[in-house]
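Trainee: Shown below is the structure under consideration.
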Amino acid sequence: MSHHRATVALSLDAPFLAGDGEMARRMREFDWASCPVGPVEQWPQSLRTAVSICLASRHPIEIWWGPEYARLYNDAYRPILGVHKHPQFLGRPGRECWGEIWDVIGPMLDGVRATGKATWSEDFPLMMTRNGYLEETYFTFSYAPLWNEDGSVGGIFCACAETTSRLLSERRLRLLRALGAQTAAAPTATVEESCAQSMRTLSTGPQDVAFALMYLLSPDETEAHLATTLGLAAGGPASPARIGLGEGEDSIWPFAEVVRTQRPVRVAWAEPLGPWPGGGWPEPAREAMVHPLFRSGENSLQGFVVMGVSPRRLLDDAYRDFFDLAAGHIATTLSSARVYEEARANTRHAQLGADIGAALTSLASLHEQLRRCCEALVTHVDAASARIWVLDPGRATLELQASVGLDTPLEGAPGQVPVGVQEIAQTREPHLTNDVLNDPRLGDPAWAAREGMQSFAGHPLIVDGKLTGVLALFSKKALAPETMVALASVANSISVGIERKRVEDERTLLLAREQAALAEAERQRSRLESLFMQAPAGICVMRGRDHVFEFANPRYVQLIGDRDIADKPLREAMPELREQVVPLLDRVYLTGEPFFGNELQVPLLRQGVIQDCFFNFIYQPIYDSSGTVEGIAVVAFEVTDQVRARQRAERLSQELEVTNQDLDQFAYVASHDLKAPLRGISSLSEWIEEGLADTMTEETRGQMRLLRGRVHRMEALINGILSYSRVSRIREKLETVDVRVLLMESRDLLAPPAEATIIIGTGMPTLQAERVPLQQVFLNLMSNALKHAGRTDARVEVACADAGAFHDFTVKDNGPGIDPQFHERIWGIFQTLEARDKVEGTGIGLSVVKKIVETRGGRVALESTPGTGATFHVYWPKRPRVFE
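All residue numbers for the sequence shown refer to the working numbering, where the first residue is 99 and numbers rise by one.
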């Protein structure tokens, strides 16, 4: 009870500590006598005023008081302290609270205390230990002196705003843009090159990606192979060359869990992983994220990317989103590279078939034809050498007829029939191995080791169920399983060519040409099918008046909910589209005019539920040879997420507009409520003066006039603060403003004394600007010049000059001038250079000017020395800033 009475008493004795917030309560309850600030009753007026402003403000404010910079702060500043610096450092010296950054801010505070000049720091980096670890943070803040009544600097007023989230978002967005640009920058990159490029791009963001590993799935998807690293040496404890994907396997990274859940997994550092690098920071990383890399438009997994979390940031939602997007960009880059490699492989395989056909249809000898076939195999299948053995029916032996690649002569180990080739001839089964040194069917491991061979692929040559020979490849690279598909195709061609060459050269020639034509057609068909099947857009073809589905690529099937639509009419396959889509298709079919749909809302049955989806699409008529429409091709992109995101943004914008209107109404009501008692005081003083006119002395009348002057000043101060608070929040419509006309109107509004002169120069521009804020800038500057002229013949000149991207408006006066040491101070709020009893003013006008100009993309400046007048510069942008 006594503590409550003491708190109430302190609130009454110290009204500047009033308030319902946490910090107001703590300050009232705090034992100030036990800290460097001293008892409340001994506080100077400047400190009391500063604390009152601090506690009333919703902006983060901190006060450093005395030579030890004892700390006072408000509720808005509280989150900046994190979980480890509040409330124990209230009233304590600044060094105790911010020891980790004192070498940075200490000299700044000392400079302000020594010179009395304010500082301004924008997006300033500070490495704080406020949440249990050294944290990367950024702030925009100002240190302004708090003056004692004796003219000394008693403390420092700090208004600040944390900009960490914005700067991190901008930095991460730059990295994401670079990752997203990879595919377009290198459309013909291989998977290996794309992996390396992704790592090089990630290396440009060491503050956000401490290290990275990229693993790609093996062809059989049983293990992941290390593709490239960033910050870690390949083959280390955290970067093994291979990681199995079996559930029971003990692996360093949880790839099996990622495969099972199809979601990223968070991994904390453990001793077996060895030390992790910290990227751009000296501390080691403590966490990492493992993300799956899916093929674009598919659920099939192609690999994993491991990215280290910055040791100076927590893994919050924004950080997770960044990793998600980075992994998505990398996956897209890899998908594009795979599509390119597959298309290239298809092209090479098709070209291989064409070259084989060309070789077999030539008029050359069988030996030369087969040599050209081997040459084509070496060229198109990454083979170090290719060999063809032909069966001699008479002797039932295999004879080497052609060999291309390496300089090894036919005699010797390569010229002999290897054990593996003999086994293929006996079993008539193809064989592929990527480990020739340990495959007993290859026969001569010494030769393979000497020549650096890694892989072998062999295929029997069979015609009409009869063996005609064996085709074999040796490669210094690992051969993909698809190689056997290509070999099967060319083996058939070669075997047919051999058989037919034996029977009749002319017949062989004709058949070989036909094979070449078929191979070329297959290549074109394969390329077209590959393009459609792997396209990110949904593509389908419908035939006839009933719009029967003839073809649909995987993306289209996915868009419609994975339904079986093959050979079905649209009305039967997707009955929910009868009313909306079928009429559009009928019109295209009947008129032959394509239809372009933009964000069309379509009801689709997905997973048993009708969903409203949005699509951009094209309905393109397909004509037969007679020019009659026989079907419709559809290319569709789903934009549901984009449309809904835009709708949410529009809804949020409307809500924000309502909030701003409520805030304006609150400000109006608050200012009205503050002015009401002031007007009452003013009226009461006039009534008292009228009622006591006969008995009131001249001194008393002077005191009453002084009272009304103080009331008017307080009312002006309220208006000024209201105007200052609205400057950066309220935006008006841009309009065409003739500055000369605006200045003349402003001069008329000011109505200067007859002895004073306001001269408006020539060459004033016409701007696209907010009229009222621009007029307020000129009114404040001209009014300020007249008010502080100190002479009856005040002269104010307004001119304009070109300053590149800005108009340089100048307001020049013939007043007493301003000492350079005050050139920065005058722009601060509540700053005046003369006593308010001498020159009436609130100290807000110039701060409003500065805030209006800077929030519109401009800047202000001052030229003046004592006795020469003052010239104020307003650099207003020629092109208005676009506010979103």
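Beta carbons are placed, not taken as given, at the ideal position from N, Cα and C, and that holds for glycine.
Exposed or buried, what is Ala287 when buried is set at 16 or more other beta-carbons lying within 10 Å of its beta-carbon?
Mentor: When all chains shown are included, Ala287 counts as buried.
Trainee: Going by beta carbon distance, what residues of the same chain come within less than 6 Å of Gly636, once the five residues before and after it are set aside?
Mentor: Cβ neighbours of Gly636 beyond the five flanking positions: Arg653, Tyr654, Leu657, Ala734.
Trainee: Tell me the DSSP secondary structure of Lys949 in three-state form.
Mentor: It is helical.
Trainee: If you measure between the beta carbons of Cys293 and Thr320, is that distance less than 8 Å?
Mentor: No, Cβ-Cβ distance for Cys293 and Thr320 is not below 8 Å.
Trainee: Roughly how many angstroms separate the alpha carbons of Leu450 and Ala619, rounded to a whole number?
Mentor: Answer to the nearest angstrom: the Cα atoms are 13 Å apart.
Trainee: Would DSSP call Pro964 helix, strand or coil?
Mentor: Pro964 falls in the coil class under three-state DSSP.
Trainee: Starting from the C-beta of Glu509, find all residues in its chain whose C-beta is less than 7 Å away, skip the five residues before and the five after it, and write them out in chain order.
Mentor: With a pLDDT of 40 at Glu509, under the threshold of 50, the predicted position of this residue should be treated as unreliable, and no value is reported.
Trainee: Buried or exposed for Asn397, please, with buried defined as at least 16 other CB atoms from any protein chain shown within 10 angstroms of its CB.
Mentor: When all chains shown are included, Asn397 counts as exposed.
Trainee: Can you grab the Cα-Cα spacing for the pair Arg103 / Arg126, in whole Å?
Mentor: Since pLDDT at Arg103 reaches only 43, below the 50 mark, its modelled position is unreliable, and no value is offered.
Trainee: Contact defined as beta carbons within less than 8 Å: I believe Gly567 pairs with Trp487. What is the distance between those atoms, to the nearest angstrom?
Mentor: Contact flag correct, Cβ pair sits at about 5 Å.
Trainee: Would you check if the distance between the CB atom of Leu244 and the CB atom of Ser144 is smaller than 8 Å?
Mentor: Contact: yes.
Trainee: Check whether the Cβ of Val639 lies closer than 7 Å to any heavy atom of the ligand MG, and answer yes or no.
Mentor: What this structure holds is no ligand at all, so the ligand MG is not there to describe.
Trainee: On the DSSP letters alone, give me the boundaries of the beta strand (DSSP E) that Trp163 sits inside.
Mentor: Per DSSP, Trp163 belongs to the beta strand (DSSP E) from 159 to 163.
Trainee: Please state whether the Cβ-Cβ distance between Phe572 and Ala481 is less than 8 Å.
Mentor: For Phe572 and Ala481, yes; Cβs fall inside 8 Å.
Trainee: So which of Ala212, Arg361, Gln520 has the shortest CA-CA distance to Gly253?
Mentor: Out of Ala212, Arg361, Gln520, Ala212 has the C-alpha closest to the C-alpha of Gly253.
Trainee: Does Leu458 pass the burial test, meaning 16 or more other C-beta atoms within 10 Å, or should it be called exposed?
Mentor: Classification of Leu458: buried, given that the 10 Å Cβ count is 16 or more.
Trainee: Is it true that the CB of Thr864 sits closer than 8 Å to the CB of Thr908?
Mentor: It is not a contact, given that the beta carbons lie outside the stated cut-off.
Trainee: Kindly indicate which three-state DSSP category Val357 falls into: helix, strand or coil?
Mentor: Note: Val357 maps to helix in three-state DSSP.
Trainee: Less than 8 Å between the C-beta atoms of Asp221 and Thr238, yes or no?
Mentor: Yes, these two residues count as a Cβ contact at 8 Å.
Trainee: For Gly690 and Val727, which I take to be in contact (beta-carbon distance under 8 Å), what is that distance rounded to the nearest angstrom?
Mentor: Going by Cβ atoms, the distance from Gly690 to Val727 rounds to 5 Å, so yes, they are a contact pair.
Trainee: For Glu632, is the classification buried or exposed, using 16 other Cβ atoms within 10 angstroms of its Cβ as the cut-off for buried?
Mentor: It should be noted that the sequence gives Gln, not Glu, for residue 632. The residue in question, Gln632, is buried, as its Cβ has 16 or more Cβ neighbours within 10 Å.
Trainee: Measure the alpha-carbon distance for Met121 versus Asp419 and round it to whole angstroms.
Mentor: Spanning the two alpha carbons is a distance of roughly 35 Å.
Trainee: Any idea if Arg337 is buried or exposed, counting beta-carbon neighbours within 10 angstroms, 16 or more meaning buried?
Mentor: Just to set this straight, residue 337 is Ser in the shown sequence, not Arg. With 16 or more Cβ atoms within 10 Å of its Cβ, Ser337 is classed as buried.
Trainee: Does the Cβ-Cβ distance between Ile730 and Met640 come in under 8 Å?
Mentor: Contact: yes.
Trainee: Kindly indicate which three-state DSSP category Asp911 falls into: helix, strand or coil?
Mentor: Residue state, collapsed to three classes: strand.
Trainee: Can you look up Leu841 in the DSSP assignment and give me helix, strand or coil?
Mentor: Of the three classes helix, strand and coil, the one that applies to Leu841 here is helix, per DSSP.
Trainee: Taking Thr217 as the reference, which of Ala257, Asp248, Val181 has the closest Cα?
Mentor: Closest option to Thr217, Cα to Cα, is Ala257.
Trainee: Less than 8 Å between the beta carbons of Val403 and Met551, yes or no?
Mentor: It is not a contact, given that the beta carbons lie outside the stated cut-off.
Trainee: When you compare each of Arg298, Trp785, Ser394, Arg669 to Ser433 by their alpha carbons, which one comes out closest?
Mentor: Of the listed residues, the one whose Cα sits closest to Ser433 is Ser394.
Trainee: Report the CB separation of Val502 from Arg469 in whole angstroms; it is logged as a contact under 8 Å.
Mentor: Val502 to Arg469, Cβ: 6 Å. Contact.
Trainee: Is Phe649 helix, strand or coil by DSSP?
Mentor: Looking at Phe649 - three-state DSSP - the assignment turns out to be strand.
Trainee: To the nearest angstrom, how far is the alpha carbon of Gly974 from that of Val839?
Mentor: Sequence inspection shows Trp at residue 974; the Gly mentioned does not correspond to that position. Straight-line Cα distance between these residues: approximately 17 Å.
Trainee: Which of the three DSSP states, helix, strand or coil, is assigned to Ile916?
Mentor: Note: Ile916 maps to coil in three-state DSSP.
Trainee: How long is the line joining the alpha carbons of Leu475 and Gln613, rounded to whole angstroms?
Mentor: Going by the C-alpha atoms only, they are around 16 Å apart.
Trainee: Would the segment 849 to 862 and the segment 946 to 955 be scored as touching if the rule is three or more Cβ pairs under 8 Å?
Mentor: No contact exists between the segment 849 to 862 and the segment 946 to 955.
Trainee: Quick one, which of Leu399, Asp414, Gly329, Ile924 has its alpha-carbon nearest Pro375's?
Mentor: Among Leu399, Asp414, Gly329, Ile924, the Cα nearest to that of Pro375 belongs to Gly329.
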